[in-house]
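Counting from 7, one number per residue, gives the positions in the sequence shown under the numbering used here. Structure record follows, encoded as structure tokens.
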Amino acid sequence: MTTDSLQPQPRSLKIGFNLLVWTATLSEQMNPMAERLKTIGYDGIECYLGETDTQVYQRYGDHLKQLGLSSSAVITLGPDENPVSESAAVRAKGLDRLKVAIDCAHAMNADVICGPFHSAFATFSRQAPTDDEYNRSAEVLHQAGDYAAQAGILLTPEALNRFECYLCNTMTQLADLVRRADHPNVRAMFDTHHANMEEKKYADAIATISPVLAHVHISENDRGTPGSGHIPWDDAFSALAKANYRGWLTIEAFTRNDPDFANAINVWREYNEPWNIAEQGLQFIRQMMNKHSLGA
């Protein structure tokens, strides 16, 4: 990666699709998926940064560039690389892992890395989050932001539901963490699935996070096709339009196509077939954008 500092690129509204509906492992086997997603009408794809070989992402990024597709990425951290750990060595491993993820995303030409990397996924202290934990996480995020700035990448940590995370469940908590991180390349994401469990009102939650909002996951309450469940979509899209949101609207849905990944996130049944999610989901997003003049 170049050491010259780059500014984040100007934001525009883009619709993306997360490849985790098929697999957490990136390979050339995902090329046909990208090609069909382009044909359907997507602006880009999102992939999980599970591999650590930048050449894997370079090859895939080259393929996406040939197709005219943009990309974003998602990463999670494990307990041995937890940014809120009392151990400086563990926190250092977390920062190192984020730097590798940034290198991989940069190789793929991704502009955003999202995910709950403020803390280790599904790792609990069995007590409420402490001020020290928020400060430790913010310090790691700030340092990672310095590294991400060299690649022109935005880091957008994600609030998860209480069963997967304890540090950040709400937009209020996430906004405070981003404020503590105090870095222009550390922003925030909003996920409609998690908000369905943790927020009182979507409008209030999005208004709270809007000053630092840079990424959005469109995800149904059961992780199936957007628009097929009970997420208050009108509230979400109306609030995003009011906030003049510009960034990714990326569908994140899950299946059991990758059993190891599905088991790790407690997905025990099928919700919808992947291409139903992709095709019907894109149509639904466009309908809601038009209805609420989002991106106009």
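For glycine and all other residues, C-beta sits at the position ideal for the given N, C-alpha and C.
* Continuous beta strand (DSSP E) assignments of at least 3 residues falling wholly in the stretch 115-164 -> 118-121, 160-163
* Residue nearest to arginine 193 in terms of C-alpha spacing, selected from Tyr172, His112, Glu204, Pro217 -> Pro217
* **Inter-residue spacing [alpha-carbon to alpha-carbon] between glutamine 13 and histidine 148** => In this prediction, glutamine 13 has a pLDDT of 43, which is less than 50 and means its spatial position is unreliable; what the coordinates show is noted afterwards. One C-alpha to the other measures close to 16 Å.
* To do: Have a look at the DSSP bridge pairing and note the partners of histidine 223.
  => Asp197, Thr256
* **Supposed contact pair leucine 180 and alanine 165 - C-beta distance, whole angstroms, cut 8 Å** => 4 Å
* serine 33 versus leucine 219 - alpha carbon distance -> 30 Å
* **isoleucine 283, buried or exposed, once every other Cβ within 10 Å from all chains shown has been counted against 16** => buried
* To do: Select from Ser76, Ile224, Thr31 the residue whose C-alpha is nearest the C-alpha of leucine 43.
  => Ser76
* histidine 221 and isoleucine 159: beta carbons closer than 8 Å? -> no
* Give a yes or no on whether the C-beta atoms belonging to phenylalanine 123 and leucine 183 are separated by under 8 Å. => no
* To do: Note the first and the last residue of the continuous beta strand (DSSP E) segment covering cysteine 171.
  => Element bounds for cysteine 171: n/a, residue is neither H nor E.
* So glycine 121 packs on valine 80, CB below 8 Å; how close in whole Å? -> 4 Å
* Any contact of the stretch 243-256 with the stretch 222-230, i.e. 3+ C-beta pairs under 8 Å? -> yes
* Are the stretch 236-254 and the stretch 292-299 touching, with three or more C-beta to C-beta distances below 8 Å? -> yes
* Hey, how far is the Cα of serine 125 from the Cα of proline 89? -> 5 Å
* C-beta atoms of leucine 55 and methionine 39 nearer than 8 Å -> no
* **Proximal residues to arginine 142 (C-beta, below 6 Å), its chain only, five neighbours per side dropped** => Val90
* To do: Mark alanine 144 as exposed unless 16 or more other C-beta atoms lie within 10 angstroms of its C-beta, in which case mark it buried.
  => buried
* To do: With DSSP as the reference, label serine 216 as helix, strand or coil.
  => helix
* To do: Would you kindly work out how many angstroms separate the C-alpha atoms of alanine 134 and threonine 31, rounded to a whole number?
  => 34 Å
* **Proximity below 8 Å, CB of alanine 150 to CB of lysine 105** => yes
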